[in-house]
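Structure, as structure tokens:
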Amino acid sequence: MKPLPSLRVCAVVLVCACVRTNAALIDPSVQLARTCPAAIKLFTTPDRVGHPYREVAVLNAKGESNWSDEGDMIESMRDKAAEVGANGIILSKIDEPSALTKVIGEVAKTGSQRKGNALAIYVPSDSTNTTTICARKK
Numbered sequence: 387m388k389p390l391p392s393l394r395v396c397a398v399v400l401v402c403a404c405v406r407t408n409a410a411l412i413d414p415s416v417q418l419a420r421t422c423p424a425a426i427k428l429f430t431t432p433d434r435v436g437h438p439y440r441e442v443a444v445l446n447a448k449g450e451s452n453w454s455d456e457g458d459m460i461e462s463m464r465d466k467a468a469e470v471g472a473n474g475i476i477l478s479k480i481d482e483p484s485a486l487t488k489v490i491g492e493v494a495k496t497g498s499q500r501k502g503n504a505l506a507i508y509v510p511s512d513s514t515n516t517t518t519i520c521a522r523k524k
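Quick note: to get the numbering used here, add 386 to the position in the sequence shown (first position is 1).
Now the structure itself:
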């Protein structure tokens, strides 16, 4: 008889499966080196970046509202931004389902989705800082 996976492993799988983010590359011919999620800076508006930047990808995240929160959405977007070589994201919005939608989703057993959008960016003037942070995380 095989031993059952530990509860901790099951919890990690459950948490990871709650939010999914996809990336639509703005210019697929540009290939940036992967960065790390810890180096991805979050900006709330484009003017907060403060330096010239290149738009890398449009990020779209969604997750079950009962099993995720805004932090999970941002974490998932950071992971995806790092995959495409970005070192920052400009958060557009996170849409919460209404209370009525949540109730209907619960009754119908269909759930309700939280959705978020962001723009993954690469800030050349911050590349040294990005490299330093990622090197420390290895």
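All C-beta atoms, glycine included, are put in the ideal place defined by N, C-alpha and C.
Would you decide whether residue i is buried or exposed? Buried here means 16 or more other CB atoms lie within 10 Å of its CB.
| i | result |
| --- | --- |
| Gly436 | exposed |
| Leu522 | For clarity, residue 522 is Arg in the given sequence; the question names Leu instead. It is exposed - the Cβ of Arg522 has fewer than 16 other Cβ atoms within 10 Å. |
| Arg500 | buried |
| Thr516 | buried |
Leaving out five residues before and five after residue i in sequence, what residues of the same chain have Cβ atoms less than 8 Å from its Cβ?
| i | result |
| --- | --- |
| Ser513 | Asn473 |
| Tyr439 | Gly474, Ile507, Tyr508, Val509, Pro510 |
| Pro414 | none |
| Leu411 | Val442, Ala443, Val470 |
| Thr430 | Ile476, Leu477 |
Using C-beta distances below 6 Å, list every residue in its chain close to residue i, excluding the 5 sequence neighbours before and after it, in chain order.
| i | result |
| --- | --- |
| Ala409 | Ala443, Leu445, Lys466, Val470 |
| Thr407 | Leu445, Ala447, Ser462, Met463, Lys466 |
| Pro432 | Ile476 |
| Cys422 | Ala468, Cys520, Lys523 |
So, under 8 Å CB-CB, residue i and residue j are touching, yes? Tell me the CB distance rounded to an integer number of Å.
| i | j | result |
| --- | --- | --- |
| Ala424 | Ile519 | 5 Å |
According to DSSP, is residue i helix, strand or coil?
| i | result |
| --- | --- |
| Val401 | Caution is warranted here: a pLDDT of 43 is assigned to Val401, below 50, making its placement in the model unreliable, and the coordinate value is therefore given only provisionally. Val401 falls in the helix class under three-state DSSP. |
| Arg464 | helix |
| Cys396 | For Cys396, the predicted model reports a pLDDT of 42, less than 50, meaning its position is unreliable; a value from the coordinates is still stated below. DSSP places Cys396 in helix when its eight states are reduced to three. |
| Asn473 | coil |
| Ser415 | coil |
| Gly502 | strand |
Within the same chain, show all residues whose beta-carbon is closer than 7 Å to that of residue i, passing over the 5 residues directly before and after it, in chain order.
| i | result |
| --- | --- |
| Met459 | Val405, Ala447, Gly449, Ile480, Arg500, Gly502 |
| Ile426 | Arg464, Ala467, Ala468, Ala472, Asn473, Gly474, Ile475 |
| Ala504 | Leu445, Met463, Ile475, Ile476, Leu477, Ser478 |
| Leu428 | Ile460, Ile475, Leu477 |
For residue i, is the beta carbon positioned less than 7 Å from some heavy atom of the ligand NAP?
| i | result |
| --- | --- |
| Glu461 | The ligand NAP is not part of the structure shown, which contains no ligands of any sort. |
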